[in-house]
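Under numbering that gives the first Met the number 0, read the sequence shown as residues 0 to 160, first letter to last.
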Amino acid sequence: MQRLLDRDLVTGLVLLCIYSLFIADSSADPKDWIFPILANYVILIIGIALIARGAFVLIVKRLPDILHADKEDRIALTDVLVFFLITLVYMFIMYGLGFWLSSWLMLSATSIYLTLDKTPRNIRIAMVVPLGTCIACYYAFLYFFYVPFPRATWWIGFMPD
């Protein structure tokens with residue numbers, strides 16, 4: 000049973016679960032093949048490759064890379080949990096604030112949180128770089144992947160049609 004805790008095997012199974020969760024809700028819109036469906040297929044391919052690699056380790060009887068938690072891993076787990084919570088809040092406020100403001104707030108908050116040396120210069124950089132990232136992602140997702148963005152509903156004058 001301990002051999003089944005190989006990192007590749009567990010990660011591949013998690014990716015297959017994520018794939019099965021999101022492939023069930025894909026739409027029939029022809030523009031959706033680029034972003035959500037293609038992203039799901041990439042997750043599927045990576046999951047299958049990791050499971051095959053983990054199975055190869057089990058068959059060849061090499062020592063598997065067993066999952067174990069160290070003190071350093073707990074610190075990283077805290078960072079991942081905080082990032083997950085910030086992203087979860089982002090998912091909810093995007094429909095109220097729209098893409099621009101909510102994306103900038105999320106990227107700025109995570110940049111500031113994950114910055115080790117919180118000097119005024121680094122905080123300014125963590126506020127400016129997300130703005131450029133939001134602009135680049137907006138054009139990439141809108142014109143290359145055809146992702147429709149929600150419009151702000153909490154701001155007067157920016158109500159959706």
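C-beta atoms are modelled at their ideal positions from N, C-alpha and C, and glycine is treated no differently.
- Out of L4, S19, R150, which has the shortest C-alpha to C-alpha gap to A54? Measuring from the Cα of A54, the nearest candidate turns out to be L4.
- Task: Give the range of the alpha helix (DSSP H) segment to which V41 is assigned.
- Result: 35-59
- Task: Output the distance between the C-alpha atoms of L113 and D78, rounded to the nearest integer angstrom.
- Result: 8 Å
- Query: So A135 is in the alpha helix (DSSP H); what residue range does that whole segment cover?
  - Reply: For A135, the enclosing alpha helix (DSSP H) covers residues 119-138.
- Message: Tell me which residues share the same chain as P159 and place their Cβ nearer than 6 Å to its Cβ, disregarding the 5 neighbours each side in the sequence.
- Response: With a pLDDT of only 49 at P159, under the threshold of 50, the placement of this residue in the model should not be trusted; the figure read from the coordinates follows. The answer, listed in chain order, is R150.
- How close, in whole Å, do the beta carbons of I122 and A108 come, if the pair is a contact with beta carbons under 8 Å? Not quite, the Cβ-Cβ distance comes to about 11 Å (not below 8 Å), so this is no contact.
- Query: Counting along the chain, where does the alpha helix (DSSP H) carrying R6 start and finish?
  - Reply: In the DSSP assignment, R6 falls within the alpha helix (DSSP H) that extends over 6-22.
- Does the Cβ of M90 have 16 or more other Cβ atoms within 10 Å, making it buried, or fewer, making it exposed? exposed
- Three-state secondary structure (DSSP) at V146? coil
- Task: Might you give, ordered along the chain, the residues of its own chain that have their beta carbon closer than 7 Å to the beta carbon of G46, omitting 5 neighbours on each side?
- Result: G11, L14, L15, Y18
- Message: Quick check on L76: buried or exposed, where buried means 16 or more other Cβ atoms within 10 Å of its Cβ?
- Response: Burial call: exposed.
- Assign T86 to one of three DSSP states: helix, strand, or coil. In the structure shown, T86 sits in a helix (DSSP, three-state: H, G or I).
- Does the Cβ-Cβ distance between I92 and S102 come in under 8 Å? no
- Could you name the residues of the same chain whose beta carbon sits closer than 6 Å to that of Y162, not counting the 5 residues immediately before and after it, in chain order? It is not possible to answer for residue 162, since the shown part of the chain is limited to 0 through 160.
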